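Remarks on the structure that follows.
2 protein chains.
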Amino acid sequence: MRLPSWNQGRTRSALLDFIDAADELPVEDRVAVFDNDGTLWCEKPAYPQMLFMLDELRRAVGDDPSLAEREEYRALIDHDSAAQAEIGLERIADALLELCAGIGPDEFDARVASFFERSRHPDRQVTYIELRYRPMLELLDELRSHEFDVFIVTGGGAEFVRAISRPFYAVSPDAVVGSLVGYEFARDDAGRPVLLRTTQLFGEVNEGAPKVSNIQLQLGRRPIFAAGNSPGDAEMLEYALAADGPTMALLVNHDDADREYEYEGVAGTFETDGSFTELAAGLGITIASMRDDWSTVF
Amino acid sequence: MRLPSWNQGRTRSALLDFIDAADELPVEDRVAVFDNDGTLWCEKPAYPQMLFMLDELRRAVGDDPSLAEREEYRALIDHDSAAQAEIGLERIADALLELCAGIGPDEFDARVASFFERSRHPDRQVTYIELRYRPMLELLDELRSHEFDVFIVTGGGAEFVRAISRPFYAVSPDAVVGSLVGYEFARDDAGRPVLLRTTQLFGEVNEGAPKVSNIQLQLGRRPIFAAGNSPGDAEMLEYALAADGPTMALLVNHDDADREYEYEGVAGTFETDGSFTELAAGLGITIASMRDDWSTVF
């Protein structure tokens, strides 16, 4: 059976109808993009990337205890949300970026891989690879079996997701679009070229409208299918829907407190007070209810 | 026979030895990058992209003759190299970028496609698709048949090359890294999201060291094979050579005035007075002599 973890119903039918309709298109037009956090894997109670950064902080403080005195790190170590709010997210993010500055892509990949080997989800005590959404993995495979090229377009760090995109999703690193940290070109002691991570973002954070321009800048292709779960995906979902021919946009709705979490993004992008889920439905975006549409979550 | 347009000899043997050695590597490590101008197609007497821009200028002046009075455009229309030198390349490039500002990716692609349909090479009077180097097309195919992922890393515009990368090279637009012009996210009259080209570069011109960082930023993968033809490819060639395992870097040497052109880049990147070709050979880069190594050029 196709999409076996999707319950019979309108959402599953809409997906299969779309995929069958896309069979009529030239193969090169079959382009699908997926957000990652909350769309392909669980993002609660904290983004996995934030937990990785905190892990990096613990490691750095272990090597050099004086780092714990730095204001931004102190607030994180103490879980002091008042201090964090006062310092501001931007300064905290900058301080965290420093923890991986000066290392090359291989070393960064190794640190991410090590984190995922050692880490367990705070609430469920399982490894993160077990917290991919099974219905969405099936959807990736179903699209690929219909000759779609599948890309991940994450608000998180591109390099963070690339480090696990193959084992988690069978997606090649070059098919991951995300927030980018710049590299410095340098030479090692033997004179060979090396790349070293800087502390500077390259371009904008990959959320909202920048997701759309970064899809074009990095991929040069227009998606006809997009999946997301938050207002930061809104423009990307609309962009896919507005393409020629059969198109579809899917919004994962976290409405399952028993099996996952229950929460909803605020509709900041659309400057409205309405629920983002309702608003999305009004735009022609198909809602995937975790509670009703998924027979299995993980 | 493999690589039939390559003459028997050291260069062809080195290519085949490298490709056979790479058979031992995991498939995901088989990454090859190719410069475009002068490496995959003929770049003399003028870059095809420059001829496209001049074609755009003629079209724009046809629509609005007053544009011909603008200093930067006047110098181009009159082939006035003294005036061009006085104005400077940067201002001229900025003025040319304005010709495609405000249009979307589809319209840009259509203009490039139209240019290549109408245009003939100034010296040879053939279409540009006939000016791809046949030995290099065979090399692309040979690498792909050994499960390499092949990427184009051009100093030219990414979108310009993407517009023809499929018909010319069987390379998907997402596998093209190049100089990028930024996009503005906007909405059309129906409220649908659209992307419009701006006049601003996004990041740096993709030449020299930026080729290496852009490979990592856009692809997140390390090449073990690289091909180029000029000092602007030097860092990319060195970077591929310095990877683990079997690696190879290839420099196309334009030493065939009879069948193509005879010219050599200056070795500016390495801050030396030597010939770039000699210098490259000293670094372990394999030289492909058009005259000696290629039985057929086009």
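Chains A and B, in that order, give the protein sequences.
Residue 1 is where the first sequence starts when you use the working numbering, and the numbers rise one by one after that.
Residue 1 is where the second sequence starts when you use the working numbering, and the numbers rise one by one after that.
Think of the CB as a built atom: it goes at the ideal place given N, C-alpha and C, for glycine as much as any other residue.
Computed from a predicted structure; not experimentally measured.
Would you kindly work out how many angstroms separate the C-alpha atoms of residue i and residue j, rounded to a whole number?
i	j	result
H146 (chain B)	A75 (chain A)	52 Å
F18 (chain B)	M248 (chain B)	7 Å
S119 (chain A)	Y128 (chain A)	7 Å
G157 (chain A)	V212 (chain B)	19 Å
T11 (chain A)	V161 (chain B)	39 Å
V300 (chain A)	T39 (chain A)	Absent from the model: residue 300 (chain A). The displayed extent of chain A is 1 to 298, so no value can be given.
V266 (chain B)	S230 (chain B)	Note on V266 (chain B): pLDDT 48, under 50, position unreliable in the model; no value is reported.
L195 (chain A)	V176 (chain A)	19 Å
R132 (chain A)	F168 (chain A)	8 Å
L3 (chain B)	D94 (chain A)	51 Å
V61 (chain B)	S81 (chain B)	20 Å
Y200 (chain A)	E235 (chain B)	Sequence inspection shows Gln at residue 200 (chain A); the Tyr mentioned does not correspond to that position. Between Q200 (chain A) and E235 (chain B), the C-alpha separation is close to 22 Å.
I285 (chain A)	L51 (chain B)	43 Å
G245 (chain B)	E142 (chain B)	19 Å
C100 (chain A)	L54 (chain A)	12 Å
T296 (chain A)	C42 (chain A)	14 Å
I287 (chain B)	A190 (chain B)	55 Å
F270 (chain A)	I87 (chain B)	Confidence at F270 (chain A) is low in this model, with a pLDDT of 42, below 50, so the placement of that residue should be treated as unreliable; the coordinate-derived value is given next. Using only the alpha carbons, I get a separation of about 45 Å.
L89 (chain B)	Y73 (chain B)	12 Å
W6 (chain B)	L140 (chain B)	13 Å
H121 (chain B)	L67 (chain B)	26 Å
D37 (chain B)	D256 (chain B)	16 Å
K44 (chain B)	E262 (chain B)	10 Å
R134 (chain A)	D188 (chain A)	43 Å
F116 (chain A)	P65 (chain A)	24 Å
E138 (chain A)	W294 (chain A)	11 Å
T272 (chain A)	E264 (chain A)	Legend: pLDDT at T272 (chain A) = 48, less than 50; position of this residue unreliable, no value from coordinates given.
D35 (chain A)	E278 (chain A)	19 Å
P193 (chain B)	L241 (chain A)	10 Å
Quick one: grab the DSSP three-state call for residue i.
i	result
V31 (chain B)	strand
M248 (chain A)	strand
V212 (chain A)	helix
D293 (chain A)	helix
A85 (chain A)	helix
G282 (chain B)	helix
F202 (chain B)	strand
A190 (chain A)	coil
A226 (chain B)	strand
Relative to the C-alpha of residue i, which candidate in the options has its C-alpha closest?
i	options	result
R91 (chain B)	B:H79, B:E107, B:D78, B:R70	B:R70
D233 (chain B)	B:G208, B:E264, B:G220	B:G208
L180 (chain A)	A:S5, A:A280, A:A21, A:P210	A:P210
R197 (chain A)	A:R2, A:W6, A:D106, A:E72	A:D106
R299 (chain A)	A:V171, A:V150, A:E262	Limits of chain A in this structure are 1 at one end and 298 at the other, which puts residue 299 (chain A) out of reach.
D123 (chain A)	A:R259, A:S289, A:E278, A:F276	A:R259
A302 (chain A)	A:V194, A:F225, A:D188, A:C42	For chain A, the structure presents residues 1 to 298; residue 302 (chain A) sits outside this window and is missing.
V33 (chain B)	B:Y261, B:Q218, B:E262, B:V297	B:Q218
L97 (chain B)	B:F115, B:E130, B:Q49	B:Q49
V252 (chain A)	A:A280, A:I87, A:P223, A:S289	A:S289
F148 (chain B)	B:E278, B:S275, B:L25	B:L25
S275 (chain B)	B:D292, B:S295, B:H254	B:H254
A280 (chain A)	A:A243, A:Y239, A:R291	A:Y239
A243 (chain A)	B:E86, B:G104, B:E72, B:E43	B:G104
E28 (chain B)	A:A113, A:E262, A:D174	A:D174
A113 (chain A)	A:E159, A:P135, A:Q125, A:V31	A:E159
I164 (chain A)	A:F185, A:A110, A:L16, A:G203	A:A110
E184 (chain B)	B:P223, B:L237, B:G102	B:G102
N214 (chain A)	B:F202, B:I215, B:P223	B:F202
Does the ligand SAM have a heavy atom nearer than 6 Å to the CB of residue i?
i	result
E130 (chain B)	Although the ligand SAM was asked about, the structure shown includes no ligands whatsoever.
In the DSSP output, what is residue i paired with across the bridge?
i	result
T39 (chain A)	In the DSSP output, where bridge partners are listed per residue, T39 (chain A) has none listed.
D109 (chain A)	D109 (chain A) pairs with nothing; no bridge assigned.
L196 (chain A)	A:E184
N253 (chain A)	A:S289
S179 (chain B)	B:G157
R132 (chain A)	A:W41
D149 (chain A)	A:V31
Interface positions of the stretch 219-237 of chain B facing chain A (Cβ-Cβ less than 7 Å), listed along the chain: Per Cβ criterion, the list reads L219, G220, R221, E235.
Interfacial residues, the stretch 167-182 of chain B to chain A, with Cβ spacing under 8 Å: S172, P173, D174, A175, V176, L180, G182
Contact list for the stretch 241-252 of chain A against chain B, Cβ threshold 7 Å: A242
Proximal residues, the stretch 142-167 of chain A versus chain B, C-beta separation under 8 Å: Taking 8 Å as the Cβ-Cβ cut-off, the stretch 142-167 of chain A approaches chain B at D149, F151, A158, E159, R162, R166, given in chain order.
Residues from the stretch 80-111 of chain B in contact with chain A, defined by Cβ distance under 7 Å: P105
Contact list for the stretch 8-41 of chain A against chain B, Cβ threshold 8 Å: E28
Residues, ordered as in the chain, of the stretch 185-202 of chain B that lie near chain A by beta-carbon distance below 7 Å: F185, R192, P193, L195, F202
Positions along the stretch 207-219 of chain A whose CB lies within less than 7 Å of some CB in chain B: A209, V212, S213, Q216, L217, Q218, L219
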